[in-house]
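Numbering (my numbering), first residue to last: 190 to 647. Where a beta carbon is used, it is the ideal one built from N, C-alpha and C, also for glycine. Since this is a predicted model, take the numbers as computed values, not measurements.
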């Protein structure tokens, strides 16, 4: 969950936020959404079942533990992204990963700062895992233990049993980037509460580290196979309300590109250019005067003349093949306008313009159902026949595979202006984002409410 502040933001006063939780139960998180401030400004948001309602899986957990996976930066992250945007190159990387703020024993001088989870034999523990790293997707495992996934993005799933590695509790990076990434590993300790005179000492062993070639391809395939196995419960109590009919279909390319360097300038992107990112070749630029939501709510001329984002790429090409000669993308503040209640099918296709990369796309204001995914170019003739519209997993964030595609469906029943963006912060900074404008419905409860009276003013 992301709270996006408008106007002057948060001042020294105490602020109260009122919002409704409908149909969600499980683990979300809150974080800052301005520049790279979420590097340290974040936390878990746990939604429990109503009183007296049990979890729909067995055994019920004896204890629940939030696990926040984050990063440690020696540099000021605001200075890091500011320098990258100034030079046009890639940003510097973090200095360490953390588990609940602790880097652990695999880094120099931090063995005393290790996350330890004490457990009792025979008990069941529910780990509420959250990846708060700025620019990395992460693997997580517990040595010599199987994990059962029961909930993703605050939605229950059919229990899915995963791996049993032979090291300790650890988390390592998954990266398909062509540039530099933090290729280190953070470890914690799972500590059994038993007689210390008979206990076997826990040995911390670093897992194999990722490499951007063969090992990266292996993790890439592993990630795709894993995500395709997630399924909604689709039960009478927890139905999968995936739209069976579609009103609007969209095809968005997502990926990296370039901007030309300033005349007589020197930039650190490919061939002296500036790195950029885009959806359908448009790198999104926030308005500088009036916020999108304010323009929409007040019906200002800016809202009426706002350009519409393309439903499809202007010039189709071999998205995952050899890159085109022209890698430049355009800037724009473009949105998609949807009537209230529209059922949407969106296919997001990664491109290899600057090398195929994974993109975790997050949609504000809605959950969606992941009805299909694959590698290579999406086939509009044959791939839709394979869509799962019976029990697809319900998400608010989905990974577009490196060199692949993903198809989602949702119903536009939440009026307002809602961002959709890559959750790798550097890609967001480069413009991989867009906005959906959902119009009011006919009923009183289908209208965009006015801003709160105590909304901070600039």
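DSSP state of residue 222, grouped into three classes?
Of the three classes helix, strand and coil, the one that applies to residue 222 here is coil, per DSSP.
Backbone secondary structure at residue 503 - three-state DSSP:
Three-state result, residue 503: coil.
Exposed or buried, which one is residue 470 when buried takes at least 16 other CB atoms within 10 Å?
Buried, by the Cβ-count rule.
Which term fits residue 622, buried or exposed, when burial requires 16 or more other beta carbons within 10 angstroms of its beta carbon?
Residue 622 should be labelled buried.
Does residue 584 pass the burial test, meaning 16 or more other C-beta atoms within 10 Å, or should it be called exposed?
Here residue 584 is buried, its C-beta having at least 16 other C-beta atoms within 10 Å.
Any alpha helix (DSSP H) of 4 or more consecutive residues that is wholly inside the stretch 271 to 295
Runs found: none.
Taking the continuous alpha helix (DSSP H) assigned at residue 481, which residues delimit it?
Taken as a continuous stretch (DSSP letters only), the alpha helix (DSSP H) holding residue 481 covers 481 to 487.
Cutoff 7 Å; reference residue 234; Cβ partners in own chain excluding five residues on either side:
Cβ within range, chain order: 190, 217, 218, 219.
Run through DSSP, which three-state label would residue 208 get?
Correct three-state label for residue 208: coil.
From the DSSP output, which residues share a beta bridge with residue 312?
Paired residue(s): none; residue 312 is not in a bridge.
Limits of the alpha helix (DSSP H) - the one that residue 619 falls within
Unbroken alpha helix (DSSP H) run through residue 619: 614 to 619.
Where DSSP assigns a beta bridge to residue 558, which residues make up the other side?
Beta-bridge partners of residue 558 (DSSP): 583, 598.
Considering only the alpha carbon of each residue, which of 566, 524, 484, 535 lies closest to residue 510?
Nearest to residue 510 by C-alpha distance, out of 566, 524, 484, 535, is 566.
Ends of the beta strand (DSSP E) at residue 611?
Per DSSP, the continuous beta strand (DSSP E) segment holding residue 611 begins and ends at 605 to 611.
With DSSP run on the structure shown, which of helix, strand or coil describes residue 214?
Three-state DSSP puts residue 214 in coil, outside helix and strand.
Alpha-carbon spacing of residue 538 relative to residue 576, whole angstroms
Each residue's alpha carbon lies about 16 Å from the other.
On the DSSP bridge assignment, give the partners of residue 538 in chain order.
Partner(s): 442, 594.
Indicate whether residue 375 and residue 295 have their beta-carbon atoms separated by less than 8 Å.
Taking 8 Å as the cut-off, the Cβ atoms of residue 375 and residue 295 count as close.
Between the alpha carbons of residue 228 and residue 266, how many angstroms are there, rounded?
Looking at the two C-alpha atoms, the distance is approximately 7 Å.
Element boundaries [beta strand (DSSP E), containing residue 623]:
Looking at the DSSP string, the run of the beta strand (DSSP E) that includes residue 623 is 622 to 627.
Cα-Cα separation, residue 631 to residue 381:
Roughly 58 Å separates the two Cα atoms.
Would you kindly check if the distance between the Cβ of residue 526 and the Cβ of residue 550 is under 8 Å?
The beta carbons of residue 550 and residue 526 sit no closer together than 8 Å.
Segments assigned beta strand (DSSP E), at least 3 residues, entirely inside the stretch 223 to 267:
As far as the stretch 223 to 267 is concerned, its whole beta strand (DSSP E) runs of at least 3 residues are 231 to 236, 252 to 261.
Grouping DSSP H, G and I as helix and E and B as strand, with all else coil, what is residue 461?
Here DSSP, grouped into helix, strand and coil, assigns residue 461 to helix.
Within its chain, find whatever has a CB closer than 8 Å to the CB of residue 323; leave out the 5 residues flanking it on each side and keep chain order.
The answer, listed in chain order, is 225, 227, 228, 260, 266, 283, 613, 614, 615.
For residue 340, which residues does DSSP report across the bridge?
Within the DSSP bridge table, the entry for residue 340 names 345 as partners.
Reducing DSSP to helix, strand and coil, say where residue 449 ends up.
Coil, per DSSP.
Mapping the DSSP letters down to three states, classify residue 571 as helix, strand or coil.
Residue 571 falls in the coil class under three-state DSSP.
I need the boundaries of the beta strand (DSSP E) containing residue 520, first residue and last residue.
Residue 520 -> beta strand (DSSP E) spans 519 to 521.
CA-to-CA distance, residue 430 to residue 342, given in whole angstroms
Near 16 Å, if we compare the C-alpha coordinates of residue 430 and residue 342.
Hey, residue 620 and residue 466: beta-carbon distance below 8 Å or not?
One thing to note: residue 620 has its Cβ within 8 Å of the Cβ of residue 466.
Within 8 Å, strictly: CB atoms of residue 536 and residue 601
Cβ distance not < 8 Å, so residue 536 and residue 601 don't count as in contact.
Who does residue 421 pair with in a DSSP beta bridge?
346.
Compare the beta carbon distance of residue 506 and residue 468 with 8 Å and say whether it is the shorter of the two.
Taking 8 Å as the Cβ cut-off, residue 506 and residue 468 do not qualify as a contacting pair.
Taking 8 Å as the limit between beta carbons, can you name the residues of its chain near residue 403, skipping five residues before and five after?
Low confidence applies here, because residue 403 scores a pLDDT of 44, under 50, leaving its location unreliable; read the following figure in that light. No residues qualify anywhere along the chain.
CA nearest to the CA of residue 482, picked from 638, 285, 547
With distances taken between Cα atoms, residue 482 lies closest to 638.
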